[in-house]
Structure formats: C-alpha cells, structure tokens
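Numbering (this note's numbering), first residue to last: 8 to 599.
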Ligand SMILES: Cc1cc2nc3c(=O)[nH]c(=O)nc-3n(C[C@H](O)[C@H](O)[C@H](O)COP(=O)(O)OP(=O)(O)OC[C@H]3O[C@@H](n4cnc5c(N)ncnc54)[C@H](O)[C@@H]3O)c2cc1C
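As structure tokens, then:
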C-alpha cells in the first residue's frame, strides 16, 4: 500500500493560482490580519505532515480493531487518542472558529484543504474534528453569549468534542416526526428524554467532555418540522468556574457494527432527563441545525474527495509496478516478462478518471469555500447576499456529486489492482467501504438532489440558478480574447446551454405533475455537477496554459481528458431526465 502523501502541490495550485486566495483574503474585511499566504503555507505543511505521519498509519488498524464499547464506555480505535492529542496540540481543531472565543478565524478556502488531508488519511478519525467544528459553528451563530463563553473555548481547543444528535430509529430523513422530548425547568434549562441512533462519536475517550447538539420537541410544540428545537446537552455538566461537574444523565447504549468507518464509533445515545440548554429560539431548531448540517455537507463532499485521492495514490503506484501483458503498441520493456499495467488504455482510463474527478473536486470544493468566505467575512451587503445564494445552491452539489464520483473513483482504484483490490492488505477495499457512507449520511444523495432541484432551483423560480449561470457566463466572456482556451470554453458553453434548457424543461413538467421534480433530481444534479466541473476545468486549463513545466502539462492533459471523456456524460443523463416521471410509475406497489 502506498503511503498517503498530502496533495500539497495541487492544493497550492487551486488556492494560489486558480482562486488567487491572497487577493480574495485581502479583499475581505473580516479576514484583516488573520491570514496570508505564509501562514496558510505553514498550516498546510503542518497538517500534511500529521496526516501522512500520524493519521494514515492508524487507518488500517482502525478498520480492523475499530472503536469498542463496554459497559457504556467507548474506547476509540488503537492510537486514535494519542493522534487526537497531537492534532489538537498542533492547533488544527479550532482553525475555522470564532477568534472571540479562542478560534483562529481561518477562511474555509484554507480549512477545506486541511479537512481533505485529515479525511483522506483517516476518515474515521476525521469525523471527530469535523463534527466538533460543525457544532461550534451552530453554537456560535445561534447560541446565547453565555453558552458561547462556557463551551466554545474548550471545543475549539479540542479538550471537549462535539456530536450531532438528530436521527431516531423511526426518523432519519423526516426529522419532523422525532419523539425526543424537552421539558422546560424553572432554572431555564430543559430535561431532555429520548433515544438517538447512529450518532457519530457520540461517546469516546479522546476528549474530556462531549457536547451534544440534540433535536427535541417541547411539550406544546406544533407537529412536524416547525415544532423542533435544538438543545446543547453536555456529557458532563459544567460548573460556573468552567470546571467539569457531575455526569449528565445520558449514556451510550451500544455502538453499531458497520460496513466501513469502523474506527469511528456510531452510537445509540439514551437521554434520560438529561440537562440541556436551548440553542436559538424554541421551535426554530431545524434552522439552527442546518447551520451545522450545511457545514458538514461540504465537509462530507471533501471527505469523499480525500478518500478518493488516497485510492488514486495507491492505484498509480501499483499500476507503475505491476507487470501484466504487453502494451497494445508493442513491448515497452523487453528486459521484463511483461509491461507495467499503466501502459494499457483501460488502466489509463481508470487512472485519468480518478485524477480528473479528484482535481475537479478539489477546485469545486475550494470554489464553494470561496463563497462561504465571502458570505462570512465580507462587509458588503450585496456581495454577502450574492455569496449566500451561491452557497445555498452549490452545497447539495458539493455533498452529493463529490461523493458519487468519489465512490466511482475509489471503485476504479480498486479495479486497477485486479484481484488484489479485493484483498485487505492493499487498503483499496477499505477505502470503498469507508467512502460508501458519504452518499448516505448528512441527508442521502437522493435528498440532496431533491434539495437542489426542488428547493434551490424550482423553489425560487430559478433565481439562485441564475446567479451561478451569470458567474460562468462572466468567465466565458473574460476568455473572449483567448482563442487557445476555446477547446475548453466551447464545450463548457454547450454544456451550460444544455443545462439551461433542461432546467426549463423540468420546471415546465413540474407544473403538471408533482412527481417530475423527484424523478429528475438525481440525474439533474449530475448534469449540474458535470457542467460545474467543466467550469472548474476550464478555469484550471487557462492558468495551466500560461505556465510551463510538468505540473502544468499534466494539468492541461487532465483538463482535456475531462472535457473529451467525462463531460459528454451529461448528454446521456439529460436524455434520461427527459424520459420523465411516467416510466417510474408503471407498476403498482404490489407488482414489485
Ligand atoms: C455510519 C453512520 C453515521 C451517522 N452519523 C450520524 C450522526 O452523527 N448524527 C445523526 O443525527 N445521524 C447520523 N446518521 C444518520 C444518517 O444521517 C441517516 O441514516 C440518513 O439521514 C438517512 O436516514 P435513514 O437512515 O432513516 O433513511 P430513511 O430516511 O428511512 O431513507 C430511506 C430511503 O428513502 C429515501 N427517502 C426518504 N425520504 C424521501 C423523500 N422525501 N424523497 C425521496 N426519497 C426519500 C432516502 O433517500 C433513502 O434512500 C449516521 C448514519 C450512519 C449509517
């Protein structure tokens, strides 16, 4: 198995050359004095080192031994506790946090790269800081001053960790039907009672305290999603002076045995009148939780990318070494019994697909990170509004498209190994198993697609969609005097026009049949994704053309591969969408 190497060169390319992060950061009032290229470089280097030297070596044992449960206590997978200590001592835990409470206030464009390295080297481990960061964000945006002062500093430091408690046995996608109850108490706190399942790192021994953000219903709450409130429920109560007090009445009933990410604990959490505090307003909990979930959704997309990058690195090394058959054009190395498999067109196809998807994903997640930064750090109201529209539209694409293609990549990475890809010691099958959950949690990819097509595109008559189209059109216009870029601009233009037509078509059909949106949505999200990636690849190609050297030559070749071999998939997908909803309903439920 190859050693995971943080893809720092490509991260620098995306950050500094494609998105000109130094200019972006300097233009945002909220980032003044916070970050420059040198600081960013130091953070990337530190994280890259921790990822390859500390986290990656624990990944296999994490899978084989896993986290374990005994009498309500969860012991994190071997080595995780020490690795967590190293991670937090390096200051990586509170990178994106609010400086007023001890966070470092770093932009998402940078934090996203750090997340990729952590997730790429060890996804099970990476879930812990990811959930803490999301919980902190929700507390910071919606919590009272008192809650922020009491909890955020220790959470940013990593001394305390966070968990997200939404799911119940009968309520996953449909959170409106949760049963967990919160009874108001005279002292302003609430007693929370109920059972949550599938709670990632809901219990463990890496941090001194675990801060749960729990969705529950007040006794008089309206039915459905409008009756949900959000509560902060700590594992240990916190005294006035900030020290840890008595154990709260919540416990971990068991952990799941699952297909992948075995190093992480997926917990059943029982709340028995546990003391909690309201975050945000009563009955507005879902909106508060969405602050966290949106953050996690981009994070899950990046998780997919991280694991797919790891798979790519292994596959390339193997394809260079493994000797099988001769190249179609004749023997490449007559001194050997066969040529390395990297000579074969099909192996090339798999490696190039992985590379084009991974580098495209890195650019796209940084692009979404850019809009998150503008929405958070700009002092210009118009600019903020525009960026918020972009974030809203692109988040489901970042979650679902990136994870769908990441699984395709990881399976290709396994296929490159032939039978050895099925065998544990090479690590490829673990990556496939680990990655699979990214399509399911944080809202299944089917639900992401509905969010994109139904709420974000159709829900406001295409207003958000238009903002994205205008951004691509502005880029296309900016290249009018650059004929060398035509080979990328023309296919991008064609894909965009096709997407415009498809969007219009679905909106028209939806007016007559309520099933049309849901029938179109998954393929629509993919057409959207392929078009968005054509935009990313055109942007990267333009930068690559203006530079010399192997890195840029490879970048341009990968851009060509994407444009010629992957982008045309949108044509078939568009036809599939136009097949409409009717063919889905030819059978009654009994006929299946
Ligand atoms: C390993 C793991 C870790 C997890 N971590 C956490 C965590 O930390 N915190 C937490 O709260 N939860 C967590 N989850 C739960 C996860 O988010 C849910 O499993 C997921 O949201 C789906 O819910 P469900 O399993 O109940 O599926 P269901 O909601 O029952 O969905 C079943 C199928 O029906 C489809 N479906 C449902 N409704 C619709 C609809 N309206 N339109 C179209 N299709 C629909 C879904 O897309 C899916 O294909 C985790 C789950 C796992 C397995």
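We treat Cβ as the ideally placed atom computed from N, Cα and C, and that holds for glycine. No experiment lies behind these values; they were computed from the predicted model shown.
Query, Result
"Distance, residue 111 Cα to residue 81 Cα", "30 angstroms"
"Status (buried if at least 16 other CB within 10 Å, exposed otherwise) for residue 441", "buried"
"Cβ contact check for the segment 396 to 411 and the segment 341 to 360: 3 or more pairs under 8 angstroms", "no"
"Among 521, 75, 358, 424, nearest to residue 269 - alpha-carbon criterion", "75"
"Nearest-angstrom beta carbon gap, residue 221 and residue 157 [assumed within contact, 8 angstroms]", "Contact flag wrong, Cβ pair sits at about 17 angstroms."
"Pick from 93, 117, 60, 68 that is closest to residue 29, judged by C-alpha positions", "117"
"Unbroken stretches of the beta strand (DSSP E), 3 residues or longer, contained in the segment 227 to 281", "236 to 241, 243 to 245, 251 to 254, 257 to 262"
"Straight-line gap, residue 86 to residue 506 (C-alpha atoms, nearest Å)", "48 angstroms"
"heavy atom of ligand 1 below 8 angstroms from residue 203 C-beta", "yes"
"Pick from 389, 280, 584 that is closest to residue 513, judged by C-alpha positions", "584"
"6 angstroms Cβ shell around residue 163 - same chain, five flanking residues per side excluded", "101, 104, 109, 110"
"Delimiting residues of the alpha helix (DSSP H) encompassing residue 66", "66 to 72"
"Residue 110 in three-state terms, based on DSSP", "coil"
"Residues near residue 234 in its chain [Cβ-Cβ closer than 7 angstroms; skip 5 each side]", "224, 228, 290"
"Stretch-stretch touch, CB-based, cutoff 8 angstroms, three pairs: the segment 419 to 433 with the segment 457 to 472", "no"
"Whole-Å CB distance - residue 44 paired with residue 23, under 8 angstroms assumed", "7 angstroms"
"Cβ neighbour criterion (16 or more within 10 Å) applied to residue 455", "buried"
"Close Cβ partners of residue 547 (< 7 angstroms) along its chain, the five nearest in sequence each way excluded", "25, 370, 562, 566"
"Three-state secondary structure (DSSP) of residue 300", "helix"
"First and last residue of the uninterrupted alpha helix (DSSP H) at residue 526", "523 to 552"
"Pair within 9 angstroms by beta-carbon distance, residue 58 and residue 320", "no"
"Residue ranges of each alpha helix (DSSP H) within the segment 428 to 512, 4 or longer", "435 to 443, 452 to 457, 470 to 485"
"Extent of the continuous alpha helix (DSSP H) run through residue 364", "352 to 384"
"Residue nearest to residue 130 in terms of C-alpha spacing, selected from 84, 145, 167, 143", "84"
"Residue 348 Cβ short of 8 angstroms to ligand 1 heavy atom set", "no"
"For residue 424, the three-state DSSP class (helix, strand or coil)", "coil"
"Near ligand 1: residue 265 beta-carbon under 8 angstroms from a heavy atom", "yes"
"C-beta contact flag for residue 588 and residue 526 at 9 angstroms", "yes"
"Cβ-heavy atom distance, residue 262 to ligand 1, below 8 angstroms", "no"
"Touch test, the segment 137 to 149 against the segment 290 to 306, Cβ-Cβ under 8 angstroms, three pairs minimum", "yes"
"The segment 272 to 285 in contact with the segment 322 to 338 per 3-pair CB rule at 8 angstroms", "no"
"Neighbour-count burial assignment, residue 389, 16 or more Cβ in a 10 Å radius", "exposed"
"Test item: CB-CB of residue 380 and residue 38 under 9 angstroms", "yes"
"Neighbourhood of residue 261 by C-beta, 8 angstroms cutoff - its chain only, sequence neighbours within 5 removed", "76, 274, 275"
"Residue environment, residue 304, which counts as buried when at least 16 other CB atoms sit within 10 Å", "buried"
"Residue ranges of each alpha helix (DSSP H) within the segment 93 to 139, 4 or longer", "115 to 128"
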